[in-house]
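Just so you know, the sequences run in chain order A and B.
Quick note: the first sequence uses the numbering used here, first residue 554, plus one each step.
Quick note: the second sequence uses the numbering used here, first residue 281, plus one each step.
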Amino acid sequence: MKILVAVKRVVDYAVKIRVKPDKTGVDTQNVKMSMNPFCEIALEEALRIKEAGFAKEVVAVSIGPPQCVDTLRTGLAMGADRAIHVEANSSFLPLTIAKILKSLADVENPGLIFLGKQAIDDDCNQTGQMVAALLGWPQATFASKVVLDKDKQFATVDREVDGGLETLSVGLPAVITTDLRLNQPRYATLPNIMKAKSKPIKKMTLEDLKVDIKSDIEIVEVTEPPKRKSGVIVSSVDELIDKLKNEAHVV
Amino acid sequence: MMRAILTKKKLVLSNAHRFISITNLSRCISTLILAEHESGSIKPQTVSTVVAANHLGESSSVSLLLAGSGSSLQEAASQAASCHPSVSEVLVADSDRFEYPLAEPWAKLVDFVRQQRDYSHILASSSSFGKNILPRVAALLDVSPVTDVVKILGSNEFIRPIYAGNALCRVRYTGAGPCVLTIRTTSFPVTPITESKKATISQIDLSKFKEDAVSRSRYVGQSTQDTERPDLGSARVVITGGRALKSVENFKMIEKLAEKLGGAVGATRAAVDAGYVPNDLQVGQTGKIVAPELYMAFGVSGAIQHLAGIKDSKVIVAVNKDADAPIFQVADYGLVGDLFEVIPELLEKLPEKK
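Okay, here's the thing in structure tokens:
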């Protein structure tokens, strides 16, 4: 079985972002970029499945500008066997990304597609569900535990839902999106980083994949959220209770 | 004509009422809401979603779709019919196939219902239920969904947070198909309803509903955290603990304080990962988003990802030993001190809840 893992290059999670003064978006020039944390978890899980002998190959995919190659190299250094870079200079809506991934799945025939549950830049939480719909495959979103059945026909997945945990069994091929607690992603070691340099990254274009690009959502403007007014530091519990009672009227 | 309307819209954006009425001229709004229900009653998130649907336009009609099986479904349907005066119709899909909310049959169902009655908008709350199913519905319809909407400016213009709530993105849906949205329910509070009205309930004929040859998803089970405290997402008071609580035992102090104030307990990712509390109590970008009247954080440093989930709280109180903790930048009242001293003192001195 082959596992396809979609990884996205995003502004590093620790960076405090700045909204551009012309309100067209968020400034991503000269800002540290990394692999989306949920994608790292997705890749780690695919690698663990391969190491347990359930999969033969892990293929990392990224869609975007030339710099996505760095993200893919990180993935290869973690242990992915090869990578596919779909070059695109504009950013796409999740629906288009899902269509690109569907075309890739049609070519690659993976038994599983792993994605993060959401990208920490657009916070959409859509792509995995949409790929599953386009392929007509079952989906298991927000996974915190994945157990593959011996005969490889089923994955039993614990999902993080609002009231607690839910367990599903999905027939393969399937799409799984990962939540934070699924695993602890490994660090790439220096020898593996060196080795990753010789692993293949296949370049593809949108023309190769014949995907129709849909842009039915227009970004009107991006603004900063309203600032909270600055608070006060109180010196004692008594003062705190007094403020809550007589100033904020919440207790 | 359309272009003229669009230009005109830009001019009146500051005037919400006129904006809505102009949009109405160009489009009739009919909304289908995928409802969430549990043991015979409709969930509060769904009622918030109905409130949100009312912002789409003045003369909108709202249909609630309930799927499930058996008597508890019918009970929930009858409650749904009177949950909000703007609900005009309750549609019920009763089948064993919908016993559990599996995305595959449910997304197919929404598409099935849409084919029979044309809807301009399809909504659900952005709970784990809505987030799981609606993007799948949107892909079946070949439209881009807008998730986690916090403000509705008109029938096709919305605001949603991006980058963990550090930026707000105003988007316009320009597609031809139905507009698919998930709603951040804390942004659309439900006001008490005085007017009582009962919507019509109709059963959906499922004889032509086809699933894929074999449904390859199966529900295995669920482990729910039974709690008597109010629901985290809609509580008036939320008390949160971080890693500094150090143990499951110590976390009980947070629970006691929550009980005293009639509030819900929340936690940071660090506290969840350390095993002090179950993961469904996590508050933040990837956990629950809360907007209570009072939010109290104990031993919480205030990482970007956590702040994303609490920013809309009315009053934020932070107690932390570290005076430089980022949480103090968003707190209305901060107290620099040891939570192991502060919490017992609060427990002793706070008035009993009303």
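Even for Gly, the Cβ is constructed at its ideal location relative to N, Cα and C.
{"Query": "Span separating the alpha-carbon of Ser593 (chain B) from that of Leu762 (chain A)", "Result": "46 angstroms"}
{"Query": "Whole runs of the beta strand (DSSP E) within the stretch 545-614 of chain B, excluding any shorter than 3 residues", "Result": "574-578 and 595-600"}
{"Query": "Beta-carbon separation (whole angstroms), Leu587 (chain B) vs Val610 (chain B), contact threshold 8 angstroms", "Result": "6 angstroms"}
{"Query": "Rounded separation between Leu721 (chain A) and Phe645 (chain A) - CA only", "Result": "31 angstroms"}
{"Query": "Residues from the stretch 688-702 of chain A in contact with chain B, defined by Cβ distance under 9 angstroms", "Result": "Gly689, Trp690, Pro691, Gln692, Ala693, Thr694, Phe695 and Ser697"}
{"Query": "Opposing strand residues paired with Phe707 (chain A) [DSSP bridges]", "Result": "A:Gly724"}
{"Query": "Pro606 (chain B) versus Ile322 (chain B): straight-line alpha-carbon distance, rounded", "Result": "38 angstroms"}
{"Query": "As assigned by DSSP and simplified to three states, the class of Pro441 (chain B)", "Result": "strand"}
{"Query": "is_contact[Asp704 (chain A), chain B] using C-beta, thresh 7 angstroms", "Result": "no"}
{"Query": "Backbone CA spacing between Lys477 (chain B) and Cys459 (chain B) [nearest angstrom]", "Result": "27 angstroms"}
{"Query": "Rounded Cβ spacing between Ile313 (chain B) and Leu336 (chain B) (contact assumed at less than 8 angstroms)", "Result": "That pair is no contact at about 11 angstroms."}
{"Query": "CB contact below 7 angstroms: Lys780 (chain A) versus chain B", "Result": "no"}
{"Query": "Listed by chain order, chain B residues near Met683 (chain A) by CB distance under 8 angstroms", "Result": "Pro415, Arg416, Ala418 and Ala419"}
{"Query": "Exposure of Ala357 (chain B), with buried meaning 16 or more beta-carbon neighbours within 10 Å", "Result": "buried"}
{"Query": "The stretch 345-356 of chain B touching the stretch 366-384 of chain B, judged by at least three CB pairs closer than 8 angstroms", "Result": "yes"}
{"Query": "Simplified DSSP assignment, three categories, for Cys459 (chain B)", "Result": "strand"}
{"Query": "Helix, strand or coil at Lys698 (chain A) [DSSP, three-state]", "Result": "strand"}
{"Query": "Boundaries (first-last residue) of the alpha helix (DSSP H) holding Met631 (chain A)", "Result": "Cys621 to Met631"}
{"Query": "Closer than 7 angstroms to chain B by CB, Val790 (chain A)", "Result": "yes"}
{"Query": "Contact test: Glu573 (chain B) Cβ vs the ligand PLP heavy atom, cutoff 6 angstroms", "Result": "Of ligands this structure carries none, so the ligand PLP is not represented either."}
{"Query": "Closer than 7 angstroms to chain B by CB, Gln737 (chain A)", "Result": "no"}
{"Query": "Gly410 (chain B) - DSSP class collapsed to helix/strand/coil", "Result": "helix"}
{"Query": "Residues that DSSP places opposite Thr480 (chain B) in a beta bridge", "Result": "B:Glu369"}
{"Query": "Chain B contact for Lys796 (chain A) (CB, 7 angstroms cutoff)", "Result": "yes"}
{"Query": "The stretch 482-489 of chain B / the stretch 449-469 of chain B touching (three or more Cβ pairs under 8 angstroms)", "Result": "no"}
{"Query": "Own chain partners of Ser405 (chain B) with C-beta closer than 6 angstroms, once the 5 adjacent residues on each side are dropped", "Result": "Gln325, Thr329, Ile463 and Thr465"}
{"Query": "Three-state secondary structure (DSSP) of Asp398 (chain B)", "Result": "coil"}
{"Query": "7 angstroms Cβ cutoff, Gln679 (chain A) in contact with chain B", "Result": "yes"}
{"Query": "Where the stretch 648-676 of chain A meets chain B: residues whose CB sits under 8 angstroms from a CB there", "Result": "Leu648, Ala651, Lys670, Gln671, Ile673, Asp674, Asp675 and Asp676"}
{"Query": "Opening and closing residue of the alpha helix (DSSP H) in which Phe667 (chain A) lies", "Result": "It is not in any alpha helix (DSSP H) - Phe667 (chain A) instead sits in the beta strand (DSSP E) that spans Leu665 to Gly669."}
{"Query": "Gln502 (chain B) - containing beta strand (DSSP E), residue span", "Result": "Ser497 to Thr504"}
{"Query": "Cutoff 7 angstroms: Ile463 (chain B) Cβ touching any chain A Cβ", "Result": "no"}
{"Query": "Residue interval of the beta strand (DSSP E) (run including Val563 (chain A))", "Result": "Arg562 to Val564"}
{"Query": "Collapsed DSSP secondary structure at Gln692 (chain A) in the structure displayed", "Result": "strand"}
{"Query": "Contact set between Thr454 (chain B) and chain A, taken where Cβ atoms lie within less than 9 angstroms", "Result": "Ser768, Asp769, Ile770 and Glu771"}
{"Query": "Closer than 7 angstroms to chain A by CB, Pro606 (chain B)", "Result": "no"}
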